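Colleague: Here's a structure for you.
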Amino acid sequence: MLIVLKLGGSILCDKNIPYSVKWDNLSRICKEIKQFFDEKLMKNPENFINNQEKPKLIIIHGGGSFGHPVAKKHIIKDNNGNSRFVDMESGYWEIQKAMRKFNNIVISELHSYGIPAVSIQPSSFAMFNKEGLHFDLTVIKKMLDKNLVPVIHGDIVLDELNEYKIFSGDHALPYLSKELKPDLSLHASDVEGVWDNNKDIINTISSENIEDVKKSLSFSSKEDVTGGMYLKVMECFNSGVTSIIFNGNKKDNVYKALNNNVNGTIIEK
1 MLIVLKLGGS ILCDKNIPYS VKWDNLSRIC KEIKQFFDEK LMKNPENFIN
51 NQEKPKLIII HGGGSFGHPV AKKHIIKDNN GNSRFVDMES GYWEIQKAMR
101 KFNNIVISEL HSYGIPAVSI QPSSFAMFNK EGLHFDLTVI KKMLDKNLVP
151 VIHGDIVLDE LNEYKIFSGD HALPYLSKEL KPDLSLHASD VEGVWDNNKD
201 IINTISSENI EDVKKSLSFS SKEDVTGGMY LKVMECFNSG VTSIIFNGNK
251 KDNVYKALNN NVNGTIIEK
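For what it's worth, my numbering labels the leading residue of the sequence shown as 1, then goes sequentially.
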């Protein structure tokens, strides 16, 4: 079993306070991940001994109050509303440094609960080309074979035209889902799911209602340089893998999601 779990920056940080961490949420989520692994071990110890059916996990986290404020300092808009990066001789490292700091915090907390997390830094090898995002998954696959838990974070990357682009956790989730075909693709956000125009939760998004759903989606009003809920939904919808968007702020929801038993919005392939 392979699960990809994306932890939104908003559930790990207060985006209005730079470099803040919601320690209660982070610790609780780590505890729920540990609980999931421990229960799987107790139910099927013989399979674990033979390294069979052992669940494998990839964690992705957003930039939160670390990456977004730093990236925003280096983005300007022209008179036509088009954005571009400036002062990136120093800015590239500043964004990298902020995200490394956040990633180290997340991984350290995972290890405090005995979860063998390892860091994946996209800015060192990921890029965008005319076909979209691309990065080599060979190392990640080898880490999973060793029962390590790769932890990928939002970052700054280049594209084939040598332009700078934000690599969002919301890019990583559908990309990994499409390439690795996980059993579960989970998006822990700060809302119960995707809202319609009446502020009701949309239980299921599919090809039958996606056009109506688009009309309900809007970009986040918070300090988010990655596209908000619209990007989350469309990237998941286009990945070809069933995904779930749920509220990661609620106690036990990450644990329930890992067990494919959480309330939220299901995005069908």
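The beta-carbon is built from N, C-alpha and C at its ideal position, and this holds for glycine as well. Please read all numbers here as calculations on a predicted model, not as lab measurements.
Residues bridged to P150 by DSSP?
Modeller: Locating residue 150 in the sequence shown gives position 150, counting from the first residue. Bridge partners of P150: V118.
Colleague: So, are the CB atoms of S123 and F167 less than 9 Å apart?
Modeller: If you number the sequence shown from 1, residue 123 lands on position 123. If you number the sequence shown from 1, residue 167 lands on position 167. Yes, the Cβ-Cβ distance between S123 and F167 is below 9 Å.
Colleague: What is the DSSP secondary structure of V194, counted as helix, strand or coil?
Modeller: Position 194 of the sequence shown, counted from the first residue, corresponds to residue 194. Residue state, collapsed to three classes: strand.
Colleague: Considering only their Cβ atoms, is the gap separating R84 from I95 smaller than 9 Å?
Modeller: Translated into the one-based positions of the sequence shown, residue 95 becomes position 95. Translated into the one-based positions of the sequence shown, residue 84 becomes position 84. No, they are not a contact pair.
Colleague: Please tell me whether M1 and D183 are closer than 9 Å, where the distance is taken between their beta carbons.
Modeller: As a working note, residue 1 is residue 1 in the sequence shown. As a working note, residue 183 is residue 183 in the sequence shown. Yes, the pair counts as a contact, with Cβ atoms nearer than the cut-off.
Colleague: With distances taken between CB atoms, is the gap from S185 to V262 smaller than 9 Å?
Modeller: Locating residue 185 in the sequence shown gives position 185, where the first residue counts as 1. Locating residue 262 in the sequence shown gives position 262, where the first residue counts as 1. Not in contact: S185 and V262 (Cβ atoms no closer than 9 Å).
Colleague: Rounded to whole angstroms, what is the Cα-Cα separation between S207 and K214?
Modeller: As a position in the sequence shown, residue 207 is number 207, starting the count at 1. As a position in the sequence shown, residue 214 is number 214, starting the count at 1. When rounded, the distance between both Cα atoms is 11 Å.
Colleague: Name the residue from L161, N103, D252, E179 whose alpha carbon lies nearest to the alpha carbon of D136.
Modeller: Position 136 of the sequence shown, counting from 1, holds the residue named residue 136. Looking at the Cα atoms, E179 is the closest of the given residues.
Colleague: Looking at the secondary structure, which residues open and close the alpha helix (DSSP H) in which M143 lies?
Modeller: Residue numbering aside, residue 143 sits at position 143 when the sequence shown is read from its first letter. Unbroken alpha helix (DSSP H) run through M143: 138 to 145.
Colleague: Would you give the residue range spanned by the beta strand (DSSP E) that F246 belongs to?
Modeller: Sequence index remark: in the sequence shown, residue 246 carries index 246 (1-based). Element bounds for F246: 243 to 247.
Colleague: Report buried or exposed for E32, applying the criterion of at least 16 other Cβ atoms within 10 angstroms of its Cβ.
Modeller: Position 32 of the sequence shown holds residue 32. That one is buried.
Colleague: Would you say F66 and C30 are within 9 Å of each other, going by their C-beta atoms?
Modeller: As a first step, residue 66 is located in the sequence shown; it is residue number 66 there, counting from the start. As a first step, residue 30 is located in the sequence shown; it is residue number 30 there, counting from the start. No, they are not a contact pair.
Colleague: Do the CB positions of D155 and A117 come within less than 9 Å of each other?
Modeller: As a position in the sequence shown, residue 155 is number 155, starting the count at 1. As a position in the sequence shown, residue 117 is number 117, starting the count at 1. Result no, Cβ atoms of D155 and A117 do not sit closer than 9 Å.
Colleague: Just list the beta strand (DSSP E) runs in the segment 54 to 125, keeping only unbroken ones of 3 residues or longer that don't cross its boundaries, in chain order.
Modeller: With a minimum length of 3 residues, the continuous beta strand (DSSP E) runs that stay inside the segment 54 to 125 are 56 to 61, 75 to 77, 83 to 85, 117 to 120.
Colleague: Since D270 is in the beta strand (DSSP E), which residue starts that stretch and which ends it?
Modeller: This structure gives no information on residue 270, because the portion of the chain shown stretches from 1 to 269.
Colleague: Just curious, the beta strand (DSSP E) that L176 is in, first and last residue?
Modeller: Numbered from its first residue, the sequence shown carries residue 176 at position 176. Per DSSP, L176 belongs to no beta strand (DSSP E); it is in the alpha helix (DSSP H), 169 to 180.
Colleague: Is it buried or exposed, D200, if we count other Cβ atoms within 10 angstroms and call 16 or more buried?
Modeller: Here residue 200 corresponds to residue number 200 of the sequence shown, with the count starting at 1. Counting Cβ neighbours within 10 Å, D200 comes out exposed, since fewer than 16 surround it.
Colleague: Counting only the same chain and skipping the five closest in sequence on each side, list residues whose C-beta sits under 6 Å from that of D196.
Modeller: On the sequence shown, position 196 is the one that residue 196 refers to. Answer for D196: I202, S216, listed in chain order.
Colleague: Can you give me the C-alpha to C-alpha distance between K269 and L57, rounded to a whole angstrom?
Modeller: One-based indexing of the sequence shown puts residue 269 at position 269. One-based indexing of the sequence shown puts residue 57 at position 57. Cα-Cα distance, rounded: 21 Å.
Colleague: Grouping DSSP H, G and I as helix and E and B as strand, with all else coil, what is M1?
Modeller: Here residue 1 refers to the residue found at position 1 of the sequence shown. The answer is coil: DSSP assigns M1 none of H, G, I, E or B.
Colleague: For T265, which option in I245, V254, K250 has the closest C-alpha, if you only look at C-alpha atoms?
Modeller: Position 265 of the sequence shown holds residue 265. Ranking I245, V254, K250 by Cα distance to T265 puts I245 first.
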